[in-house]
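Keeping their order, the protein sequence lines are chains L and X. So the first sequence is numbered by the numbering used here: it starts at 43 and just counts up by one. So the second sequence is numbered by the numbering used here: it starts at 460 and just counts up by one. We treat Cβ as the ideally placed atom computed from N, Cα and C, and that holds for glycine. Structure first, then comments.
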Amino acid sequence: MEFFERFAIPHPSPAIYASMVAIGLTVIAIIAGLTYFKKWGYIWREWLTTVDHKRIGIMYLISALLMLFRGGVDAIMMRSQLAVPGNTLLDAQHYNEIFTTHGIVMILFMAMPFIIALMNFVVPLQIGARDVAFPRLNALSFWLFFFAAMLFNISFVVGGSPDAGWTSYFPLAGNEHSPHVGTNYYMIAIQIAGLGTLMTGINFIVTILKMRAPGMTLMKMPMFTWSALITNVIIVFAFPVLTIALAMGTMDRLFGTHFFSIDNGGMDMLWANLFWVWGHPEVYILILPAFGIYSEVISTFARRNLYGYKSMVASMVIISLFSFLVWVHHFFTMGQGAFVNSIFSVTTMAIAVPTGIKIFNWLFTLWKGKIVMTTPMLYSMLFIPIFTIGGVTGVMLGMSAADYQYHNTMFLVAHFHLVIIPGVVFAMLAGLTYWWPKMFGFMLNERIGKWAAWLIAVGTCVAFFPMFISGLDGQARRMYTYSEATGFGFWNMLSFIGAGILAIGFVLIVYNIYYSTRYATRDIGADPWDARTLEWATHSPVPEYNFAITPEVNSSEALWDEKKKGHKLFKGSYQEIHMPSKSGVPFIMSAIFFVFGFAMIFSLWILAIVSLLGIFACLIHRSFEQDHGYHISVKEIEETEAKMGGAKG
Amino acid sequence: MSFLFFTIITVLTGCGNLLVLDPKGPQAQTQADVIMISIWTMLFVVIVVFALLAYMLIKYRASKQSDDYEPPHIEGSKVMESIFVGIPVIIIIFLSIVSVKSNYAVESTPEGYEDQEPLVIYASSSNWKWHFSYPEQDIETVNYLYIPTDRALEFKLYSHGPITSFWVPQLGGQKYAMADMVTTLHLAADVPGEFFGRNANFSGKGFAHNTFNVNAVPPAEFEEWVDEVKETASPITEDRFQELLEPGHLGQLTFTGTHLEFSPAPEHNHGGSQSHDKHDGHENHDHHEKHEDHEEEESSDHHHH
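This is the structure:
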């Protein structure tokens with residue numbers, strides 16, 4: 043029995059038992075459904091083994107949306123618990139687990155896959171490539187992320203979720219203060235997902251540097267591709283730090299080392315430093331692609347070229363450098379003194395300058411434009427004011443002396459939600475709506491889309507503005523309850539109402555997907571938004587080879603030039619196209635990673651060794667595999683192009 | 460949304476009863492001033508951005524333009540971009556000066572209090588309590604503080620467990636208490652009163668209730684309180700202290716003596732550059748005394764294991 047005790051939940055509740063049943067039923071339903079409709083082969087051939095960047099992008103997208111709802115449910119539970127003083131809906135332990143998983147799920151299993159989804163789908167199309175540089179590595183990246191997300195998500199029904207905060211500071215996260223396996227899930231699941239992200243970083247840098255269409259010099263890349271390039275450079279520099287920190291944390295928890303413990307020479311603040319040396323660049327990993335999306339959307343719907351292209355690129359490069367020079371502002375209060383704090387205070391505030399350049403360039407892209415308020419544009423226009431408020435409060439937090447009063451309070455919580463939600467989430471929703479027709483061949487309903495955008499924007503403001511006030515009134519973050527005498531009740535009730543409005547907004551998005559899938563017209567052509575960049579020059583949805591003929595590019599708005607200036611994108615005739623083969627190995631290898639992770643979390647050493655051997659077997663198999671891909675013949679291209687309504691290049 | 464923002468500004472400026480903006484000591488006053496300076500400066504930025512956005516959206520809507528209007532191709536302009544950079548740079552330089560000055564201010568003995576010897580209080584946290592040791596008075600309290608007004612206070616912070624953060628919003632901002640080093644927080648109270656204090660850094664299950672009370676009283680009254688404690692309280696013993704460290708919540712307790720005598724603060728465990736400096740022989744005299752404590756502590760550490 044002792045063996046099985048480790049899998050038990052340390053503090054069960056009816057909600058958790060209900061979730062267990064729900065997870066069980068869902069799994070049974072999926073298996074039964076696939077069997078009944080005889081879809082196993084289809085799923086395996088078309089999705090589980092695919093190396094097509096578009097399908098991988100769509101799988102990232104579905105995963106991100108699922109995780110958005112998981113993280114959103116966490117958020118609703120937290121806001122419900124705090125809605126009234128002295129609430130007993132959740133106890134301290136549950137609340138701690140929920141805010142911990144909310145942070146991790148939203149940052150690492152929602153926002154990250156969401157940006158990677160859009161990068162996957164859009165970047166190869168924007169640069170006129172057939173796929174990414176390493177298609178199979180791309181599949182491995184996705185499946186590692188996916189299985190890591192699944193591993194992390196079973197934590198609340200098997201063994202217990204992490205409860206030391208998404209920052210997981212030691213010694214709280216050490217064995218003494220967090221004895222159950224929750225933090226092992228944190229260390230191992232994030233490690234596996236992080237490996238996938240690092241591979242994505244390398245893959246996209248190579249793709250963007252080596253596979254651009256003829257004529258597309260670096261300074262003729264669309265802005266989203268620029269943002270993706272810089273983001274992936276940051277990934278490659280930042281993620282190894284997380285890898286190391288997690289490895290050290292894992293060894294502390296599983297093998298009795300003392301990197302972060304408070305005795306035997308360990309250093310608890312070392313974890314905090316390593317975490318934020320990764321963690322702050324991570325914020326820019328999320329926000330830069332979002333900036334790229336806004337640049338595309340604002341330019342498209344202002345019907346004008348992007349104002350200040352060069353300064354947009356320069357500001358992103360500067361942001362990427364500065365992102366590694368500000369991490370100490372996450373713990374100005376650690377006692378490093380006025381000198382160190384002053385340096386990091388100045389670097390932190392300095393980031394506002396390149397960010398300000400971007401805001402002004404977007405504003406001046408509107409200048410003399412012809413603004414069409416579509417759903418993606420609406421998100422962008424709601425982003426600017428809300429993000430500005432979030433951004434200027436960031437400057438306030440950057441003033442180290444004042445930060446001693448904001449740190450660890452709801453003021454901080456208000457700030458980072460008011461940058462991440464308009465900055466990243468609005469951008470993802472704008473990008474989703476914008477590129478949806480390219481992905482699926484029909485558009486999302488504009489009326490429902492705009493309702494959702496307004497609800498989400500209003501909900502964001504109502505949920506997070508009150509936190510500025512309760513923070514300045516002394517409400518610390520991560521408190522599972524507070525007494526009536528504190529006077530926090532009113533502000534928290536407002537936040538709860540805001541969270542409800544946000545939830546309705548997100549439900550509307552799901553409804554919109556259902557509604558539009560059912561009723562939207564499929565007759566939209568290749569370029570329904572009258573856009574400017576290459577991805578709109580091929581069919582919607584996109585054929586597997588992307589472009590029948592590789593486009594030739596003369597500017598960052600090649601399609602616009604074709605439409606308005608007589609530039610010819612596609613010259614020459616169809617040639618045989620070389621494509622990468624499908625492979626089941628990434629899926630299988632990642633599944634073994636899942637088993638390996640599970641074995642490590644529960645200290646099942648034999649299983650861990652066996653699965654590790656399995657992983658090596660997959661690597662060895664790949665090393666000796668001879669696979670040169672396959673070719674699509676000219677005849678097949680002609681047939682596909684004809685079926686898709688005439689040649690597009 | 461802008462309605463909400465202005466509501467916030469009204470609340471912040473109108474009724475100054477938010478704890479952080481209702482300072483009762485020089486450090487909190489400095490911080491409240493910095494906060495208000497930054498709010499007004501940032502309000503200017505917000506108004507400029509909102510105004511530009513509103514102007515562009517109203518003036519350049521497609522519905523306001525003729526169907527055949529073709530927006531021009533504009534590359535950007537050196538003059539405009541210099542303005543986008545120049546004005547923010549000026550703002551950031553201004554705020555940087557304010558930030559650096561104020562950070563040095565809150566990291567040293569409060570202005571106007573330099574001439575007197577500060578009252579040193581060791582504040583150490585354990586799950587989920589605060590232990591306050593007064594070496595000068597040789598007394599110790601749990602979960603409440605008595606402090607004299609008009610005297611500089613030097614809090615020496617450390618933890619018996621996870622990282623915590625000592626915070627009395629009306630006296631000044633927070634600082635971490637960690638298990639392997641001692642950090643220093645300079646505070647002072649200008650006026651008598653009862654202030655709310657808490658651990659602000661998440662430290663596990665009992666975190667929400669990890670609070671304490673601060674009673675700021677005139678110096679004479681403080682001395683009376685010390686005398687009273689010495690007459691009425693029982694001495695703290697090593698066994699009793701170990702009991703107190705057990706995870707859980709306690710009410711307010713009072714002892715004579717301090718736990719520092721048998722369980723000293725971790726003053727010189729790898730305190731980074733600080734301790735190196737001291738080994739290099741830069742130490743002044745009273746640090747030296749503590750250095751000896753350190754050796755004692757190491758031996759008592761072994762004893763515990």
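- At a cut-off of 9 Å, the C-beta of Q711 (chain X) has no neighbouring C-beta in chain L.
- Comparing alpha-carbon positions, the option among X:I494, X:K523 and X:E680 lying closest to L554 (chain X) turns out to be X:I494.
- Listed along the chain, the chain L residues whose CB falls inside 8 Å of the CB of H645 (chain X) amount to none; the nearest CB is some 11 Å away.
- Residue contact with chain X for F644 (chain L): absent (no Cβ-Cβ distance below 9 Å to any residue of chain X).
- The straight-line gap separating the alpha-carbon atoms of A568 (chain L) and F163 (chain L) is approximately 15 Å.
- Between G620 (chain X) and N586 (chain X), the CB-CB gap stays under 9 Å.
- Chain X has no Cβ within less than 9 Å of the Cβ of I543 (chain L).
- Of the candidates L:G516, L:S537 and L:Y522, the residue whose Cα lies closest to the Cα of G529 (chain L) is L:G516.
- L439 (chain L): member of the alpha helix (DSSP H) spanning T417 to G440, first to last residue.
- In terms of CA proximity to V434 (chain L), L:H457 leads the group L:A153, L:F425, L:E680 and L:H457.
- Between I556 (chain X) and the set L:W571, L:S615, L:H144 and L:A380, the nearest pair of CA atoms involves L:A380.
- Using a CB distance below 9 Å, the part of the segment 206-223 of chain L facing chain X consists of A206, G207, T209, Y211, F212, P213, L214, A215, G216, E218, H219 and S220, ordered along the chain.
- DSSP, read as helix, strand or coil, puts E570 (chain X) in coil.
- Put simply, the CB of Y563 (chain X) is near chain L, with a gap under 9 Å to one of its CB atoms.
- When 9 Å is used as the limit between beta carbons, M419 (chain L) is near no residue of chain X, the shortest such separation being about 10 Å.
- Taking all protein chains shown into account, A684 (chain L) has fewer than 16 neighbouring C-beta atoms within 10 Å of its C-beta and is therefore exposed.
- Contact annotation, E338 (chain L) with F266 (chain L): C-beta distance approximately 5 Å; criterion of less than 8 Å satisfied.
- Secondary structure note for V676 (chain X): its beta strand (DSSP E) is the uninterrupted segment T670 to V676.
- At a cut-off of 9 Å, the C-beta of N129 (chain L) has no neighbouring C-beta in chain X.
- The beta carbons of V388 (chain L) and S558 (chain X) sit closer together than 9 Å.
- At least one CB of chain L lies nearer than 9 Å to the CB of Y519 (chain X).
- Taken residue by residue, none of the segment 146-175 of chain L has a beta-carbon sitting less than 9 Å from a beta-carbon on chain X.
- At a cut-off of 9 Å between C-beta atoms, Q447 (chain L) counts as an interface residue with respect to chain X.
- Taking 8 Å as the Cβ-Cβ cut-off, the segment 401-418 of chain L approaches chain X at I401, F402, N403, L405, F406, L408, W409, K410, G411, K412, I413, V414 and M415, given in chain order.
- Secondary structure remark: continuous alpha helix (DSSP H) runs of at least 4 residues inside the segment 81-118 of chain L: none found.
- Against chain L, the CB of E566 (chain X) has a partner CB under 9 Å away; the residue lies at that interface.
- Contact between the segment 535-553 of chain L and the segment 496-506 of chain L is present: three or more C-beta pairs spanning the two stretches fall below 8 Å.
- The contact set of I506 (chain X) on chain L, defined by CB atoms closer than 7 Å, is empty, because the minimum CB distance reaches about 10 Å.
- Going by beta carbons, N658 (chain X) and F625 (chain X) fall inside the 9 Å limit.
- An exposed status is given to H670 (chain L), since fewer than 16 other beta-carbon atoms sit within 10 Å of its beta-carbon.
- With contact defined as three or more Cβ pairs closer than 8 Å, the segment 346-356 of chain L and the segment 310-329 of chain L are not in contact.
- Contact annotation for S662 (chain X) against chain L: L214 [CB-CB distance below 7 Å, chain order].
- Only buried fits E577 (chain L), as 16 or more other CB atoms lie within 10 angstroms of its CB.
- Of the other Cβ atoms in all chains shown, 16 or more fall within 10 Å of the Cβ of G639 (chain L); this residue is therefore buried.
- In the pairwise beta carbon analysis, the segment 579-588 of chain L is classified as touching the segment 476-489 of chain L: at least three pairs are separated by under 8 Å.
- As the crow flies, the alpha-carbon of W208 (chain L) is around 12 Å from that of G224 (chain L).
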